[in-house]
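Residue numbers (my numbering): 58 to 455.
C-beta atoms are modelled at their ideal positions from N, C-alpha and C, and glycine is treated no differently.
Quantities reported herein were computed from a predicted structural model and do not represent experimental measurements.
The structure appears below as structure tokens.
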């Protein structure tokens, strides 16, 4: 409980030091789960920066990401992931963030930083950061371990209460799925058999929750199933594409001939997500064109390391893939969809085909530059995303 109280106190300090009307740095929203900040640069340019406070805080620092693609901001955000000890705490993280931002933009540091530096930094939960061999006597070590487990559970339960409030719009089924995943994570944590990484798991939980809430999901544009309840492998069924496209006609014919009404995508996330893109392939039906390679891999620049940004959301990627298939004049190859053919291909063959992929830019609007994929923390409804880029008619309210 002391650790949680310390976090709450740090958040209160940040909100008091950098209110929403601060001229240089603003704390927009803050909770024991998330922090959203805004830096005001030259010409009143605003930079939104977000932090996810993970379950292992403060043993690991918060996960930061930004909505901007400016290298200077990205470098600062990356710097915050490499801290340790006292610098993992949110108060110190924000101090580092503000100082680095001011340095890059040639601004004087806000006087509030000096006031914060004068405050006593007491973090009762830091003892949990010590290596095992540095803990005191054996009995005290066991007490510390029990306390850490209790603190972890208490923080999880409190954040769970807040998340339930956010999830009011979810169906009972989706709420149960999220709760089951949380329980699985807690059991894995207690057993010491955690798979993936804390950062990736935390981000993927938030992505799944946002997908369940999204308008495109609710309108039946696509659905999501976790393979073996793993956050790191998603099966996505794409049900709707542009009704004026040949692909839409093919999907209608596919339903009539084979009873299938969707395109199945498989998404694999690595433990370093969101700092590297997921691997996405078309499982079935067999598709030609649409920038889909023979093995099922999808040829898109945003799915390469060069074109990827940690700010991209899973929902936005799925919608971009749907638009890319239409833009590339994808067609279903019915001769390759016979029972037992396995559809497009396995993941191994799909990954082997990726080196043959010439990078493709994000699809631009006619006569304009390619817009960025909508960023986490400033999400856009699926129909707005399509209207902005491609003006696909099936998202109209009429």
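Same chain, Cβ closer than 6 Å to residue 346, five either side skipped, listed in chain order: Same-chain partners within the cutoff: 385, 386, 387 and 388.
C-alpha gap between residue 369 and residue 313, whole angstroms: Residue 369 and residue 313: Cα-Cα distance of roughly 36 Å.
Among 272, 308, 128 and 242, nearest to residue 259 - alpha-carbon criterion: Taking only the C-alpha atoms, the option nearest residue 259 is 242.
Straight-line Cα distance separating residue 86 from residue 71: In a straight line, the C-alpha of residue 71 is about 10 Å away from that of residue 86.
Residue 168 classed as buried or exposed, judged by whether at least 16 other C-beta atoms fall within 10 angstroms: Classified as exposed, residue 168 has fewer than 16 neighbouring CB atoms from the shown chains inside 10 Å of its CB.
Under the three-state DSSP convention, the category residue 355 falls into: Of the three classes helix, strand and coil, the one that applies to residue 355 here is strand, per DSSP.
Under the three-state DSSP convention, the category residue 305 falls into: Helix.
N-terminal and C-terminal residue of the beta strand (DSSP E) that residue 83 is part of: Counted as a single uninterrupted DSSP element, the beta strand (DSSP E) harbouring residue 83 occupies residues 82 to 87.
Cβ pair residue 281, residue 290 closer than 8 Å: No, Cβ-Cβ distance for residue 281 and residue 290 is not below 8 Å.
Ordered list of beta strand (DSSP E) runs contained in the segment 277 to 349, each at least 3 residues: Secondary structure remark: continuous beta strand (DSSP E) runs of at least 3 residues inside the segment 277 to 349, in chain order: 279 to 283, 290 to 295, 320 to 325 and 336 to 341.
Cβ neighbour criterion (16 or more within 10 Å) applied to residue 261: The residue is buried, with at least 16 neighbouring Cβ atoms inside 10 Å.
Residue 164 and residue 130 closer than 8 Å at C-beta: No, the Cβ-Cβ distance between residue 164 and residue 130 is not below 8 Å.
Beta-bridge partners of residue 105, as assigned by DSSP: Beta-bridge pairing links residue 105 to 95.
Buried or exposed by the 16-neighbour rule on C-beta atoms within 10 Å, applied to residue 432: Summary for residue 432: the model assigns pLDDT 32, below 50, so the residue's position carries little reliability; its value from the coordinates is reported in the next sentence. Looking at its Cβ environment, which holds 16 or more other Cβ atoms inside 10 Å, residue 432 is buried.
Terminal residues of the beta strand (DSSP E) in which residue 485 lies: No information on residue 485 is available, as it lies outside the stretch 58 to 455 that the chain covers here.
Strand pairing of residue 388, partner residues [DSSP]: Answer is 345, bridged to residue 388.
Helix, strand or coil at residue 114 according to DSSP, with G and I counted as helix: In this structure, residue 114 counts as coil in the three-state DSSP scheme.
Option nearest residue 114 by Cα separation, candidates 123, 138, 126 and 331: Closest in alpha carbon position to residue 114, among 123, 138, 126 and 331, is 138.
Residue 257: first and last residue of the uninterrupted alpha helix (DSSP H) it sits in: Note, residue 257: alpha helix (DSSP H), 255 to 270.
Cα-Cα separation, residue 254 to residue 102: Whole-angstrom Cα-Cα distance: 34 Å.
Residue interval of the alpha helix (DSSP H) (run including residue 369): No alpha helix (DSSP H) contains residue 369, which DSSP labels as neither H nor E.
Min CB distance residue 292 to chain D below 8 Å: The chain inventory of the structure shown lacks chain D, comprising one protein chain alone.
Inter-residue spacing [alpha-carbon to alpha-carbon] between residue 183 and residue 337: Residue confidence for residue 183 is low, a pLDDT of 49 falling below 50, so the modelled location carries little weight; the figure read from the coordinates is stated next. The alpha-carbon atoms of residue 183 and residue 337 are separated by roughly 40 Å.
Straight-line gap, residue 316 to residue 342 (C-alpha atoms, nearest Å): Rounded to whole angstroms, residue 316 and residue 342 show a C-alpha spacing of 12 Å.
Per-residue DSSP class, three states only, for residue 67: It is helical.
Contacts around residue 121, its chain only, beta-carbon distance under 6 Å, and the 5 residues preceding and following it disregarded: Setting aside the 5 residues that flank it on each side, residue 121 is surrounded in the same chain by 108, 134 and 137, each with a C-beta closer than 6 Å to its C-beta; the list follows chain order.
Residue burial classification, residue 145 (beta-carbon count within 10 angstroms, cutoff 16): When all chains shown are included, residue 145 counts as buried.
For residue 231, the first and last residue of its enclosing alpha helix (DSSP H): Per DSSP, the continuous alpha helix (DSSP H) segment holding residue 231 begins and ends at 229 to 248.
Alpha helix (DSSP H) segment containing residue 23, residue limits: The chain is shown only over 58 to 455; residue 23 falls outside these bounds and no answer can be derived.
Backbone CA spacing between residue 274 and residue 298 [nearest angstrom]: So the alpha carbons of these two residues sit roughly 13 Å apart.
Host alpha helix (DSSP H) of residue 149 (start-end): Here the alpha helix (DSSP H) through residue 149 covers 147 to 161.
Residue from 148, 349, 111 and 271 with nearest C-alpha to residue 380: With distances taken between Cα atoms, residue 380 lies closest to 349.
C-beta atoms of residue 390 and residue 320 nearer than 8 Å: No, they are not a contact pair.
Counted within 10 angstroms of its Cβ, other Cβ atoms place residue 126 as buried (16 or more) or exposed: That one is exposed.
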